[in-house]
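So the sequence shown is numbered by the numbering used here: it starts at 470 and just counts up by one.
As structure tokens, the structure follows; a few thoughts come after it.
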Amino acid sequence: MPFWAVVVLVVLAVAALAAGAALFLRDRREAVGSRTEDPPTPRPEGRRRAAVPSQRSSAEPVPYQHPDRRLLAPPPMVGDLPLRDWLVHYSARGDQVWPTVVATFYDRAAAVPEIADYFGRSDMVRLQQHFARALTMLTGEGLTAGTLRRLQDAHLPVTNAQGTGITPAAYDAAVETLFGVLAEHGVPKGALTQLKALTGPMREAISRPAPSETGSRA
């Protein structure tokens, strides 16, 4: 092949490569420009939705304001021991002392008309079991916000034969009966005074004024 023909072929090849490169670069610039001007819509599953506050039904209870473990009153102490543990260690009945206290309390309460009227339609075995758990919790761990709310919820539907909720007078009579039983089991007066500090918030949460008292205030 003549030398001049070889030169012509090389020039044509270089020109073709240059044209191809130019077209490639133009296409790249157009593609980048289109992405900048009109960004593609992301797929629905890839989008993060803005947080929308949930709508609460008016029938749902509002969440409680305080943590369950917020301590409202410490347990009554005898020396270095909570009353619950002290009575177990220093009573002749040992582990059976609290079941005995509960059984004695209900026997005494049955003789007080304003208290017994609230037990008429109750399962007494189950009631005493719940009372024993609550009593040992209060005398061993103190009164927390969560315990107070559970006690309030448990006593809210309790009524006597006339449909009246637990009145302050009935609550005070029950506490006085319980304190008498504990004193008979050797609980020191100082521990009973401390236990009384627990019954104040409980009285406000559990008892409700009698209808006659509400009417007299109005």
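Heads up, the beta-carbon is just placed ideally off N, CA and C, and yes, glycines get one too.
Under the three-state DSSP convention, the category residue i falls into
i    : result
T573 : helix
R498 : Confidence at R498 is low in this model, with a pLDDT of 49, below 50, so its placement is unreliable and no value can be given for it.
A542 : strand
G563 : helix
G649 : helix
D641 : helix
A578 : helix
P678 : coil
H558 : helix
Bridge partner(s) assigned by DSSP for residue i
i    : result
V547 : L550
T628 : G634
Residue range of the unbroken alpha helix (DSSP H) whose run includes residue i
i    : result
A660 : K658 to I675
R602 : M593 to E610
Contacts around residue i, its chain only, beta-carbon distance under 8 angstroms, and the 5 residues preceding and following it disregarded
i    : result
A601 : W567, P568 and V571
L620 : A603, M671, A674 and I675
V557 : G563, D564, V566 and W567
L617 : L541, P670, M671 and A674
Residue range of the unbroken beta strand (DSSP E) whose run includes residue i
i    : result
L620 : Per DSSP, L620 belongs to no beta strand (DSSP E); it is in the alpha helix (DSSP H), A614 to H624.
A585 : Per DSSP, A585 belongs to no beta strand (DSSP E); it is in the alpha helix (DSSP H), P582 to A585.
Close-in-space but distant-in-sequence residues of the same chain around residue i (CB under 6 angstroms, 5 per side omitted)
i    : result
T628 : G634
A490 : Bear in mind that the predicted position of A490 carries a pLDDT of just 45, short of 50, making it too unreliable to give a figure here.
L664 : P545
H599 : none
L607 : L667
W555 : V547
Distance cut-off 7 angstroms: residue i Cβ against heavy atoms of the ligand FAD
i    : result
L647 : The ligand FAD is not part of this structure, which contains no ligands at all.
Contacts around residue i, its chain only, beta-carbon distance under 7 angstroms, and the 5 residues preceding and following it disregarded
i    : result
A679 : T633 and T636
E583 : A638, A639 and A642
Nearest-angstrom Cβ-Cβ length linking residue i and residue j, presumed shorter than 8 angstroms
i    : j    : result
L667 : L612 : 5 angstroms
G609 : P551 : 5 angstroms
A630 : G589 : 6 angstroms
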